[in-house]
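Undergrad:
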Amino acid sequence: MESGQQIIGFSICPEDQESLYIFTSSGSTSKWNWSSGKRIARWETTCTTFSTSLASVGKEGCTAAVSFSIISQKDGKRHISINTLGDKKIQGTTTALETSQKINSIKVTPDGRVIIASDGKHLFVGATTSAELETLETAQYAWREVTLPVNATCFDIQIQGSESIDLAVGESGGSILIYQNVLNGLLDKDFSDKRSSPRKLHWHRGSVNTVRWSKDGNYIISGGQESVMVLWQLDTGRKQFLPHLSSPICNIVVSTSGSSYVVKLADNSVMILSTRELQPLTTITGLQLCPDMSGSVESSKGSVVAKLHPQQPERLIVAVPASHQLTQNQYGSQPANAAVLQTYDIRVNTNISRQALARTNATTLSVGPEGSQIVAPDVKHLDIVHDAKWLATVDTWAPHPQDVEALDRSVNAKSTATLRPEVFLKFWKWDASSDTWELVTRVDGPHFSKNHHSAVLGLASRPGAHEFATLGADSILRFWCPTAKCRSGLKAKDQTDQHLNTWKCRGTVDLKGCLNSTENSPLDAACMIFSEDGSVLAVCLPSTSAANDGLVLLIDAHNCSVHYRRTGVFLGNPCSTSFLGSHLIVASTHSVAVWDTVDDIVKTIQSSESVDSPAGTSQLIAVNARTNSLAIVTSSSHKKRRKVRFQIKIYDVPSFEVVFQETLHTSPVALLSDAYSGDYIVVDSAATVQRLGCLGKASQKSHNNQSRDVTGQIDNGLATLFNRGPERLLAQSDDVEDFSAQTKGLASVFGETPSFSLPAVGVLFRNVVQTLGS
């Protein structure tokens, strides 16, 4: 599948169960052998496709696969196109229906005699005879348009005998309508007519997301927003429930044999259930980012909290929602907050574990008295120390504005809600025996102002140490470190006779003096990062006046004091920052700047696209010390098309030349750097992961900037580190014996001597130079 395409459907070949048809939004259809993973054939069209169904048309022993697709035309109308899929190309094409209604779903009987399409309010039913289908180009369908009494969200058909077709329609109000014998009975009447009374099944509170007939037609299987799968026995009217699923149900598919159900959940997981015991046979879990409910890939805003495991870089640690239940309030539908930590292997695309970081409301009533959803806390920040033994998280929760409106009538509801948030700073210790993070310390309100908690704007781990730093909206910088936990004056120990730890604040820095701000003006944006050796903490603060425009503070991490301040580094509010050697890169809402802290030179990176971010988005940057490069995700909006274009650019930091650039078809939500391989990891809103690899030399500008290959021409950085050219590297790679000898020589220099008893640095340097030069 080409980049930018979306898969809109699958279908097993009726003639060969080993073959799978895949339909995309661009109109292309491909045939795969799903057991071997090889593509058999591919058919291309140039029309935008919304839904496709497959049928086997022809006489017995001489059938052909035919696709029935809903396509869009330039005039705004939609057609139902019928294509005969030949061995290498489309053999025949005909249009069965042309309508101005926005139909978006289609169902076809296995023999192609009956077509049913819907736009939610209307139903289009077309029928023809088998004799007419033998010549598909001249086939004529008799159509009937009927008005539904409800707003349909899904439907399914069931063939009873040779002439009878039953219809099940799920609607937005939560009920399911059953229409018997649609062709012979109900087409003579309007569906909105009270005399054509369907059978009504109602259990779901919200809209019905999917409805399916069982293989024998005796059951209806449905799923909605309640995380419960419901089985309706039509003869007795009894209901059977499969509760406590991880998320709402998006789709249900009944296997060809009828022995299993495949359930697609909203958290990007698939579960295969046996129809007899309803026991899970297989569960496949993907990256469980909160999906974009608007249906537009350009509308995703902000970023997700994600990190690469420092010791195992193939593991992605990301905060995801506990349940992808939508939150209904007066502002509309809002996605669920991220309260669960997911560990995901991006190398093999496999879920490793899930762990709750905050309360998830999994076993409690999540609906308030007025029907509003009780949301879970949202993990805003996450970081992990260099040896992956400690993890720090910051989660925030605030009540609905209407729930606290009566507490203080002097201010409006919105400001009242912001005055009463719950902010928790949590420290977790890795437990190797259970492969989980164990909560050690919870700090309630690590930053505060008068009678309420202040938001935490930044969290950073100190390299080479078990220490974290937090910056709050109260303009206070706090350093946190572990200490021994005491009970009755004695150090506490666990069952394995290991000392227990707790965390404390070892020092604070008040930044109000640097900002010239008062206690009543909290910070609204800030970011910070430690230097590579952990000695300096760089803090980027927003502009409060002309004198503090683009303010960056260098904090002595050991003494907890302001060492140096620099203005004019960036424009706008800071979004993110990173250290690369002595260079500090700052991404703000209006610029991406590089500050050489040694020479005190600021360079603004200019690009061909505007660096202004659309409203609600933040700049994403990442640096890699192995390749000595900088990656930036830029976004630009087109006023005519009203679309946001995303692009990633990789710069060589010494020369600031673009060595690679690529357009991203889906909005990125995280940009990470793999310190071991030198690769960049891009996670987008469609829960897909792209890896930008290092193949070429970073100091040479790539000649394939417009290539669609996601592999950048980036150097491994070792040549520039030792000032050696390509010739020297080539000779060095060929001379394996010399390299082995030098390695043994270095071992003789350092030996087994502990670090505290080594000779002076000058002596060590002289011995190393002599060994490498010999």
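According to my numbering, the sequence shown is numbered sequentially starting from 314.
Where a beta carbon is used, it is the ideal one built from N, C-alpha and C, also for glycine.
Bear in mind the structure is a predicted one, so any value in this text is a computation, not a measurement.
1. Using only CA atoms, which one of Thr890, Asp787 and Val756 lies nearest to Cys794?
2. Which residue wins for smallest C-alpha separation from Val971, given the options Leu977, Leu985, Thr979 and Gln960?
3. Using 8 angstroms for Cβ pairs, my map puts Ala303 next to Thr596. What's the rounded Cβ distance?
4. Who are the near neighbours of Ser382 in its chain, counting only those whose CB is closer than 6 angstroms to its CB and skipping five residues on each side?
5. What residue range is occupied by the uninterrupted alpha helix (DSSP H) comprising Lys401?
6. Does DSSP classify Cys827 as helix, strand or coil?
7. Could you pull out every residue in the same chain whose Cβ sits closer than 8 angstroms to the Cβ of Leu333, ignoring the five residues on either side in sequence?
8. Look at the alpha carbon of Gly533 and the alpha carbon of Ser889, and state the distance between them as a whole number of angstroms.
9. Just how far apart, CA to CA, sit Ser739 and Glu780?
10. Taking 8 angstroms as the threshold (C-beta atoms), are Gln601 and Val633 in contact?
11. Using three-state DSSP, classify Asn886 as helix, strand or coil.
12. Less than 8 angstroms between the CB atoms is what I'm expecting for Val692 and Leu670, so what's the real figure, rounded?
13. Can at least three beta-carbon pairs, one atom from the segment 894-911 and one from the segment 813-821, be found at a separation below 8 angstroms?
14. Helix, strand or coil, according to DSSP, for Pro561 in the structure here?
15. Indicate whether Val850 and Ala786 have their beta-carbon atoms separated by less than 8 angstroms.
16. Going by beta carbon distance, what residues of the same chain come within less than 6 angstroms of Gln319, once the five residues before and after it are set aside?
17. Among Val427, Leu449, Gln473 and Gly433, which residue has its Cα nearest to the Cα of Trp456?
18. Of the choices Leu943, Leu803 and Ala838, whose alpha-carbon is the least far from that of Gly863?
19. So for Thr365, helix, strand or coil by DSSP?
20. Would you verify that the beta carbon of Gly433 is, or is not, closer than 8 angstroms to some beta carbon of chain B?
21. Taking DSSP as the reference, what is the three-state secondary structure of Asp469?
22. Identify whether Thr1084 lies in helix, strand or coil by the three-state DSSP scheme.
23. Just the Cα atoms here: how many angstroms apart are Val995 and Val946?
24. How long is the line joining the alpha carbons of Ser921 and Thr709, rounded to whole angstroms?
25. By the 10 Å Cβ neighbour count, where 16 or more other Cβ atoms means buried, how is Lys763 classified, buried or exposed?
26. With 16 as the cutoff for other CB atoms within 10 Å, does His557 come out buried or exposed?
27. According to DSSP, is Asp744 part of a helix, a strand, or is it coil?
28. Please state whether the Cβ-Cβ distance between Ala745 and Asp696 is less than 8 angstroms.
29. For Pro714, which option in Ser685, Thr706, Leu854 and Ala701 has the closest C-alpha, if you only look at C-alpha atoms?
30. State the Cα-Cα distance for the pair Leu800 and Asp913, rounded to the nearest angstrom.
31. Given a cut-off of 8 angstroms, decide if Ser369 and Trp356 are closer than it, judged by their beta-carbon atoms.
32. To the nearest angstrom, how far is it from the Cα of Trp516 to the Cα of Val543?
33. Whose C-beta lies closer than 7 angstroms to the C-beta of Thr588 among residues of the same chain, with five residues either side of it excluded?
34. Quick test of your reading: Asp846 and Pro776, contact by CB under 8 angstroms. State the CB separation rounded to the nearest angstrom.
35. Kindly indicate which three-state DSSP category Asn497 falls into: helix, strand or coil?
36. Under a Cβ-count criterion, where at least 16 other Cβ atoms within 10 Å of its own Cβ denotes burial, should Asn662 be classed as buried or exposed?
TA: Taking the coordinates as given:
1. Val756
2. Gln960
3. Any answer about residue 303 is impossible in this case: the structure gives the chain only from 314 up to 1087.
4. Thr362, Thr365 and Ser394
5. Here Lys401 belongs to no alpha helix (DSSP H), and DSSP marks it neither H nor E.
6. helix
7. Phe323, Ser324, Ile325, Cys326, Lys344, Trp345, Asn346 and Trp347
8. It should be noted that the sequence gives Ile, not Gly, for residue 533. Each residue's alpha carbon lies about 51 angstroms from the other.
9. The residue asked about is misnamed: residue 739 is Lys in this sequence, not Ser. Each residue's alpha carbon lies about 13 angstroms from the other.
10. yes
11. coil
12. 5 angstroms
13. no
14. coil
15. Checking the sequence, you will find Leu at residue 850 rather than Val. Not a contact, by the Cβ cut-off of 8 angstroms.
16. Ser338
17. Val427
18. Ala838
19. strand
20. Protein chain content of the structure displayed is limited to a single chain, and chain B is not contained in it.
21. strand
22. helix
23. 9 angstroms
24. Low per-residue confidence applies at Ser921: pLDDT is 39, beneath 50, and the placement is therefore not dependable, though the value from the model is reported in the following sentence. The straight-line gap from Cα to Cα measures roughly 38 angstroms.
25. exposed
26. exposed
27. strand
28. no
29. Ser685
30. The displayed chain sequence assigns Arg, not Leu, to residue 800. Rounded to whole angstroms, Arg800 to Asp913 spans 50 angstroms at the Cα level.
31. no
32. 9 angstroms
33. Gly571, Ser572, Ser573 and Tyr574
34. 7 angstroms
35. helix
36. exposed
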